[in-house]
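Visitor: Going line by line, the protein sequences match chains A and B. Quick note on numbering: the numbering used here labels position 91 of the first sequence as 91, and the sequence is numbered without any gaps. Quick note on numbering: the numbering used here labels position 266 of the second sequence as 266, and the sequence is numbered without any gaps. Glycine included, each C-beta is placed from N, C-alpha and C at the ideal position. Note that the structure is a prediction, hence the values are computed from the model and not measured. The following block contains the structure, expressed as structure tokens.
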Amino acid sequence: MQDEQPETTHEPDLASEELFASVYDELHGLARRQMSRQSAGHTLQATALVNEVYLKLSSRMKLAGEAAAWDSREHFLGLASRAMRSILVDHARKKGSQKRNAEGERVALDSAVNVVEASAGDILALDDALELLAKTDRRMASLVELCFFGGCSMEDAAKSLGMSTRTAQREWRLAKAKLRKELGDV
Amino acid sequence: MSPDRWTRVKQLFDQAVELPDGERQAFLEGECAAEPEVLAEVLELLASDREDDFLEHAKVAPSAVGQLFGDYRLLEELGSGGTGIVYRALQVSLDREVAIKVMPHHFALSEQRVKRFVREAKAAAGLRHTGIVQVFEVGSHEDSTGSHHYFSMELVPGHDLAREIELQLAGGGILGGGRGELYFRAVAAVVMSCAESLAHAHDAGVVHRDIKPNNIILEPDARPRIVDFGLAKDERLGSITITDKVEGTPHYMSPEQARAVKGKVDARTDVYSLGVVLYELLAFTKPFSGRTSKEVIDKIIVRDPKPLAKVAGDVPRDLRVICGKAMEKRASDRYASAAEFAADLGRYLRKEPILARRPSPLRLLARKAGRNRAVTAGVTAGAATVLAVLAFQSYQERMSLPLVRLTAELAEGGALGSVRISVVQLDEYTGEPLGESREVGATAGDGFRPGTGTWRIRAESDEGIRQDLIRNIRWEGPDLELGVRLWTGLPEQHEMVEFRPEPAPWENEQEGILVGYTNAAGDPDRERVIHLAPFALDVHEVSFGQYRRYLKESGAPRPAGWSSEVVDSIPDELPVMLVTLKEARAYAEWYGLRLPFSTELEYAGRGPSFARYPWGPDPEGGSANIEGYESVPGLDLADKVATYLLNVEPVDSRPEGDTPTGLHHMLGNVAELTESLVAPPDLMDWQSAEVKYSVVAGGTYTHGRRGGILPSMEILDFGGTLGSVSFGFRCARSLE
Numbered sequence: 001m002q003d004e005q006p007e008t009t010h011e012p013d014l015a016s017e018e019l020f021a022s023v024y025d026e027l028h029g030l031a032r033r034q035m036s037r038q039s040a041g042h043t044l045q046a047t048a049l050v051n052e053v054y055l056k057l058s059s060r061m062k063l064a065g066e067a068a069a070w071d072s073r074e075h076f077l078g079l080a081s082r083a084m085r086s087i088l089v090d091h092a093r094k095k096g097s098q099k100r101n102a103e104g105e106r107v108a109l110d111s112a113v114n115v116v117e118a119s120a121g122d123i124l125a126l127d128d129a130l131e132l133l134a135k136t137d138r139r140m141a142s143l144v145e146l147c148f149f150g151g152c153s154m155e156d157a158a159k160s161l162g163m164s165t166r167t168a169q170r171e172w173r174l175a176k177a178k179l180r181k182e183l184g185d186v
Numbered sequence: 001m002s003p004d005r006w007t008r009v010k011q012l013f014d015q016a017v018e019l020p021d022g023e024r025q026a027f028l029e030g031e032c033a034a035e036p037e038v039l040a041e042v043l044e045l046l047a048s049d050r051e052d053d054f055l056e057h058a059k060v061a062p063s064a065v066g067q068l069f070g071d072y073r074l075l076e077e078l079g080s081g082g083t084g085i086v087y088r089a090l091q092v093s094l095d096r097e098v099a100i101k102v103m104p105h106h107f108a109l110s111e112q113r114v115k116r117f118v119r120e121a122k123a124a125a126g127l128r129h130t131g132i133v134q135v136f137e138v139g140s141h142e143d144s145t146g147s148h149h150y151f152s153m154e155l156v157p158g159h160d161l162a163r164e165i166e167l168q169l170a171g172g173g174i175l176g177g178g179r180g181e182l183y184f185r186a187v188a189a190v191v192m193s194c195a196e197s198l199a200h201a202h203d204a205g206v207v208h209r210d211i212k213p214n215n216i217i218l219e220p221d222a223r224p225r226i227v228d229f230g231l232a233k234d235e236r237l238g239s240i241t242i243t244d245k246v247e248g249t250p251h252y253m254s255p256e257q258a259r260a261v262k263g264k265v266d267a268r269t270d271v272y273s274l275g276v277v278l279y280e281l282l283a284f285t286k287p288f289s290g291r292t293s294k295e296v297i298d299k300i301i302v303r304d305p306k307p308l309a310k311v312a313g314d315v316p317r318d319l320r321v322i323c324g325k326a327m328e329k330r331a332s333d334r335y336a337s338a339a340e341f342a343a344d345l346g347r348y349l350r351k352e353p354i355l356a357r358r359p360s361p362l363r364l365l366a367r368k369a370g371r372n373r374a375v376t377a378g379v380t381a382g383a384a385t386v387l388a389v390l391a392f393q394s395y396q397e398r399m400s401l402p403l404v405r406l407t408a409e410l411a412e413g414g415a416l417g418s419v420r421i422s423v424v425q426l427d428e429y430t431g432e433p434l435g436e437s438r439e440v441g442a443t444a445g446d447g448f449r450p451g452t453g454t455w456r457i458r459a460e461s462d463e464g465i466r467q468d469l470i471r472n473i474r475w476e477g478p479d480l481e482l483g484v485r486l487w488t489g490l491p492e493q494h495e496m497v498e499f500r501p502e503p504a505p506w507e508n509e510q511e512g513i514l515v516g517y518t519n520a521a522g523d524p525d526r527e528r529v530i531h532l533a534p535f536a537l538d539v540h541e542v543s544f545g546q547y548r549r550y551l552k553e554s555g556a557p558r559p560a561g562w563s564s565e566v567v568d569s570i571p572d573e574l575p576v577m578l579v580t581l582k583e584a585r586a587y588a589e590w591y592g593l594r595l596p597f598s599t600e601l602e603y604a605g606r607g608p609s610f611a612r613y614p615w616g617p618d619p620e621g622g623s624a625n626i627e628g629y630e631s632v633p634g635l636d637l638a639d640k641v642a643t644y645l646l647n648v649e650p651v652d653s654r655p656e657g658d659t660p661t662g663l664h665h666m667l668g669n670v671a672e673l674t675e676s677l678v679a680p681p682d683l684m685d686w687q688s689a690e691v692k693y694s695v696v697a698g699g700t701y702t703h704g705r706r707g708g709i710l711p712s713m714e715i716l717d718f719g720g721t722l723g724s725v726s727f728g729f730r731c732a733r734s735l736e
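Right, here's the structure in full:
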């Protein structure tokens, strides 16, 4: 596939982990605030949330006179998608255990998980299947993370992964088939 | 799986999906005959490859700021919801700023849906009203990610009502100055304005179906503007999955939407949803809460809302009553139109008495009894909710209300100037007006669509000569061509008595007129206090002689029930019978009259003292033709007519059975057809609210003693396709 740039990676180094944590917190808080204002069953608008966090963190750093801690918007999207996935999966796990979030947050994230599960089935199973996919094809797993959890457009996801949009579209189609197969035809 | 093998699988998959289904297997078998595992893997993946919304929920249209969508340059994202992203955009050709809403492309599924989207959008684009955000254009735009459907609309400054509620909760907002009298009045004004906008849309035959705070934008001067007219349905298509979830919020769904019943969603659905918006603006909380959509939907169907008096005790009583009326479970219990909803809010704002009434304790009790059955039904319905919601989506076609056209002439001949037409919805049983009458045009006009329910259509000439037509208009019923014959005076052959029931209508809820429509058993649940407008009633039942004269004068066809010549031998002075409701109505209208409501017969028969017999409280004080029934055995028409002849009496006979006002045979002789409709008593819960039958009032000669108390009533199949040898009628007219 000659049309591609060399694969860029965002290996979780220390700085990146810190960054991830701040994105996670920001996203979590925003999701909670947004969702608790909405009714049960309202769509989690991943795109909107991610955009808002991006703007917020950017402007905060600009105010503090810092350079953005991420290389590019694409880099940020990768972080945010991963954070979003973690938030929802963590929440789904807690639901199974006795640990509970505060009522408002629980309701909010429940409905977000519900929305995800409406189009993907059990979110924990999806998480496992994605882990498995990452072992075979990490880039394809990242694509799913970006498109599905991060709500990225195909163009943004492609840019973030350093591939062409056409390739991303092909990969996305195969990723869906692969995950559907793993998940037992949901 | 080894990386190499996976690479190989990917390569083959990518190639195979480009081929037609039928060629894939052969291609793959040729390519990897020596790699059975790869072949199996690719085949399995191909089997799992299909276009649906698996993993697609979050794929909304990509942020496209800067792009050119047809004539529109997208400038800024204004917001996004489950149904698409709204941008501020520049319409290049006109150099004006507009708002443009772009559909998420996974909604743009089948061609059929796109077609419907466009059709609906065009209907919405035809609406012009200051309270409705104008839709300019519908279009689509192709780019590398597929085709995106969009529509452009007015760019309106301000924020939506959902945001306003948030601001109010935070102590801000642009309505009122903090919670209090000013705020409640501001809320009433906003909702009234919305209701007026909806009334305009309904008159044009468009129902919004998705009224909610997010779809009402409040301009900085507090003027509300409704958005997404007629589009809501299509936007939601494709976003619903077969699970317990409905995308978007179910909180503002009407019970009939929640129950997804075919043909039942009409203008009153918007009345309900706007009622919920009013509730939320007043209470800062939604009337039904639930953790899931399904829970909310189930509650909408079976539960009463959390009482406003409890949730927000500071809300003025009139506003609570208005809100309750708009949110009634049964569409027929709500305001019949958005216009009436608006009118009542207007009365509140002008500090006039409102028309909505709190349900009486008796009715609440009856409702509760009905609800128990409903709960069982609701539980079963719950399981099917999602399928039902899907069904609801496909069933909701554009609202189809019959069109009414009127022609008018002077009965006695001569030139007629213009004739004004006004309509008012009536309670389908009592005949009470449910709001203020509104002018819908002149006879030369294009026709009008009053709405569903029972309507009084009034034609009035410049000289003040008028006639009322009563029609029950049903959803998707036939269009009506009505002819009015205006009489300058009362037709000579009709002697009438006038009634002006006191107290005056609307004066005092508690001192209205008590009526009840069951017969001798007198089920108290059916009693209610009503307010009748002045009317006049025939002294006599219409006789065969009168009816025969009418047939000759009008050239109307002989009643279908008069299928034997035996009928022609019936003497002129006996009451006419074997006529249907339609035939009786045609007779009345030929003479500029109408049929009465059963409540009018009851009031005239019982009088203000609510006597059990036309002549007073004492069964022995008079008599009615309800005794001494003799029958001729046999079922054919001649036998029935023979029985009729044996028992029935001339219309002007038996003065000892008259009411104090001199009406003959209000009890007994033939029973009388009326315009009143009721749900059959054994189906009195709201689920069957749409099944209606005509009331035949007054008791008949066949009934004997047991039917000998007023009101003595029977129920006739709606529309009365057949007459009966014991059903006749008398005429009525409305007075000033």
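Closer than 8 Å by beta-carbon distance: list the chain A residues that pair up with Phe13/B, in chain order.
Guide: Locating residue 13/B in the second sequence gives position 13, where the first residue counts as 1. Going along chain A in sequence order, the residues near Phe13/B (Cβ under 8 Å) are Leu174 and Ala177.
Visitor: Under three-state DSSP, which class holds Gln493/B?
Guide: Locating residue 493/B in the second sequence gives position 493, where the first residue counts as 1. In the structure shown, Gln493/B sits in coil (DSSP, three-state: anything other than H, G, I, E or B).
Visitor: Would you mind reading off the limits of the beta strand (DSSP E) that contains Ser418/B?
Guide: Position 418 of the second sequence holds residue 418/B. No beta strand (DSSP E) holds Ser418/B; DSSP gives it neither H nor E.
Visitor: Show which residues of chain B have a CB atom less than 7 Å away from the CB atom of Lys181/A.
Guide: As a position in the first sequence, residue 181/A is number 181, starting the count at 1. By Cβ distance, chain B contributes Glu44, Leu45 and Ser48.
Visitor: Is Gly131/B near Arg73/B, with beta carbons less than 7 Å apart?
Guide: Locating residue 131/B in the second sequence gives position 131, where the first residue counts as 1. Locating residue 73/B in the second sequence gives position 73, where the first residue counts as 1. No; because the gap between Cβ atoms is not below 7 Å, this pair is not in contact.
Visitor: Out of Leu143/A, Ala83/A, Leu161/A and Thr136/A, which one is the CA nearest neighbour of Glu26/A?
Guide: For this step, residue 26/A is matched to residue 26 along the first sequence. With distances taken between Cα atoms, Glu26/A lies closest to Ala83/A.
Visitor: What number of angstroms, rounded off, separates the C-alpha of Asp304/B from the C-alpha of Gly435/B?
Guide: Translated into the one-based positions of the second sequence, residue 304/B becomes position 304. Translated into the one-based positions of the second sequence, residue 435/B becomes position 435. When rounded, the distance between both Cα atoms is 25 Å.
Visitor: Locate the alpha helix (DSSP H) running through Arg733/B, then write down its first and last residues.
Guide: Within the second sequence, the letter at position 733 stands for residue 733/B. Note, Arg733/B: premise wrong, no alpha helix (DSSP H); beta strand (DSSP E) at Ala732 to Ser734.
Visitor: Within the 7 Å Cβ cut-off, does Asn101/A reach chain B?
Guide: As a first step, residue 101/A must be located in the first sequence, where it is residue number 101. Confidence at Asn101/A is low in this model, with a pLDDT of 49, below 50, so its placement is unreliable and no value can be given for it.
Visitor: Helix, strand or coil for Met153/B per DSSP?
Guide: As a first step, residue 153/B is located in the second sequence; it is residue number 153 there, counting from the start. Strand at Met153/B.
Visitor: Verify the CB distance criterion: does Thr167/A have a CB-CB separation below 7 Å to chain B?
Guide: Position 167 of the first sequence, counting from 1, holds the residue named residue 167/A. Chain B, which has no Cβ nearer than 7 Å to the Cβ of Thr167/A, makes this no.
Visitor: Can you confirm whether Phe20/A, when its beta carbon is compared against all beta carbons of chain B, has any partner nearer than 7 Å?
Guide: On the first sequence, residue 20/A is found 20 positions in, with the first residue counted as 1. With 7 Å as the cut-off, Phe20/A does not count as an interface residue toward chain B.
Visitor: Output, in chain order, the set of chain B residues within a Cβ distance shorter than 9 Å of Phe76/A.
Guide: Here residue 76/A is taken as the residue at index 76 of the first sequence, counted from 1. None at all; the shortest Cβ gap to chain B is about 14 Å.
Visitor: Interface residues of chain B around Arg170/A at Cβ under 7 Å?
Guide: Walking along the first sequence from the start, residue 170/A turns up at place 170. Result: Asp14.
Visitor: Classify Ile216/B as helix, strand or coil using the three-state DSSP reduction.
Guide: In the second sequence, residue 216/B corresponds to position 216, counting from 1. Three-state DSSP puts Ile216/B in a strand.
Visitor: Using a Cβ-Cβ cutoff of less than 6 Å, which residues in the same chain neighbour His28/A once the five nearest sequence positions on both sides are dropped?
Guide: In the first sequence, the residue the question calls residue 28/A occupies position 28. Cβ neighbours of His28/A beyond the five flanking positions: Ile87.
Visitor: From Ala520/B to Gly699/B, what does the alpha carbon distance come to, in whole angstroms?
Guide: For the purposes of this step, residue 520/B is taken as the residue at position 520 of the second sequence. For the purposes of this step, residue 699/B is taken as the residue at position 699 of the second sequence. Note that Ala520/B has pLDDT 36, beneath the 50 cutoff, so the model's placement of it is unreliable and the number below is only indicative. The straight-line gap from Cα to Cα measures roughly 10 Å.
Visitor: Please report whether the beta-carbon of Phe54/B lies at a distance below 7 Å from any beta-carbon of chain A.
Guide: As a first step, residue 54/B is located in the second sequence; it is residue number 54 there, counting from the start. Closer than 7 Å to some Cβ of chain A, the Cβ of Phe54/B qualifies, so yes.
Visitor: Listed from N- to C-terminal order along the chain, which residues in the stretch 136-165 of chain A have their beta-carbon within a distance smaller than 9 Å of any beta-carbon of chain B?
Guide: Listed by position, the residues of the stretch 136-165 of chain A near chain B (Cβ gap below 9 Å) are Thr136, Asp137, Met140, Val144, Cys147, Phe148, Phe149, Gly150, Gly151, Cys152, Ser153, Met154, Glu155, Asp156 and Thr165.
Visitor: Specify, as a first and last residue, the run of the alpha helix (DSSP H) that Asn647/B falls within.
Guide: For the purposes of this step, residue 647/B is taken as residue 647 along the second sequence, with counting starting at 1. Unbroken alpha helix (DSSP H) run through Asn647/B: Leu637 to Asn647.
Visitor: Let me confirm a value: Glu340/B is counted as buried when at least 16 other C-beta atoms fall within 10 Å, else exposed. Which label applies?
Guide: Here residue 340/B refers to the residue found at position 340 when the second sequence is read from its first residue. Label assigned to Glu340/B: buried.
Visitor: Which of the residues in the stretch 294-310 of chain B, read from start to end, lie with their CB under 8 Å from any CB of chain A?
Guide: Residues Glu295 and Val296.
Visitor: Using a cut-off of 7 Å between C-beta atoms, extract the partners of Val17/B located in chain E.
Guide: Among the protein chains in the structure shown, which are A and B, there is no chain E.
Visitor: Between the alpha carbons of Glu541/B and Tyr429/B, how many angstroms are there, rounded?
Guide: Residue numbering aside, residue 541/B sits at position 541 when the second sequence is read from its first letter. Residue numbering aside, residue 429/B sits at position 429 when the second sequence is read from its first letter. If you take the alpha carbons of Glu541/B and Tyr429/B, they lie about 21 Å apart.
Visitor: Chain A partners of Lys10/B, CB-CB under 9 Å?
Guide: Along the second sequence, read from residue 1 onward, the residue named residue 10/B stands at position 10. The contacting residues are Asp137, Met140, Arg170, Glu171 and Leu174.
Visitor: For the beta strand (DSSP E) that contains Thr674/B, what are its first and last residues?
Guide: Position 674 of the second sequence, counted from the start, is the residue given in the question as residue 674/B. Counting along the chain, the beta strand (DSSP E) containing Thr674/B begins and ends at Ala671 to Val678.
Visitor: Does DSSP classify Arg594/B as helix, strand or coil?
Guide: Residue mapping note: residue 594/B aligns to position 594 of the second sequence, counting from 1. Three-state DSSP puts Arg594/B in a strand.
Visitor: Given this structure, state the Cα-to-Cα distance separating Arg334/B from Ala326/B, to the nearest angstrom.
Guide: Within the second sequence, residue 334/B is the residue found at index 334, counting from 1. Within the second sequence, residue 326/B is the residue found at index 326, counting from 1. In a straight line, the C-alpha of Arg334/B is about 5 Å away from that of Ala326/B.
Visitor: Can Asp318/B be considered in contact with the ligand SAM, in the sense that its beta carbon sits closer than 6 Å to one or more heavy atoms?
Guide: In the structure shown, the ligand SAM is absent, as is every other ligand, since no ligand is present at all.
Visitor: Let me know if Ala343/B comes out buried or exposed under the rule of 16 or more other beta-carbons within 10 Å of its beta-carbon.
Guide: Counted from its first residue, the second sequence places residue 343/B at position 343. So Ala343/B ends up on the buried side.
Visitor: By how many angstroms is the C-alpha of Leu46/B removed from the C-alpha of Gln169/A?
Guide: On the first sequence, residue 169/A is found 169 positions in, with the first residue counted as 1. On the second sequence, residue 46/B is found 46 positions in, with the first residue counted as 1. So the two alpha carbons sit approximately 16 Å from each other.
Visitor: Thinking C-alpha only, which one of Arg330/B, Pro307/B, Ser337/B and Ala258/B is nearest Asp771/B?
Guide: Examination of residue 771/B is not possible in this model, given that chain B is present from 1 through 736 alone.
Visitor: If you measure between the beta carbons of Arg458/B and Leu426/B, is that distance less than 7 Å?
Guide: Looking up residue 458/B in the second sequence gives position 458. Looking up residue 426/B in the second sequence gives position 426. No.
Visitor: By the three-class DSSP mapping on this structure, what secondary structure does Gly346/B have?
Guide: Locating residue 346/B in the second sequence gives position 346, counting from the first residue. Helix, per DSSP.
Visitor: Identify which residue in Arg8/B, Glu56/B, Asp203/B and Val98/B has its Cα closest to the Cα of Phe69/B.
Guide: As a working note, residue 69/B is residue 69 in the second sequence. Looking at the Cα atoms, Val98/B is the closest of the given residues.
Visitor: Does the beta-carbon distance from Phe288/B to Ile301/B come in below 7 Å?
Guide: Your numbering for residue 288/B matches position 288 in the second sequence. Your numbering for residue 301/B matches position 301 in the second sequence. Result no, Cβ atoms of Phe288/B and Ile301/B do not sit closer than 7 Å.
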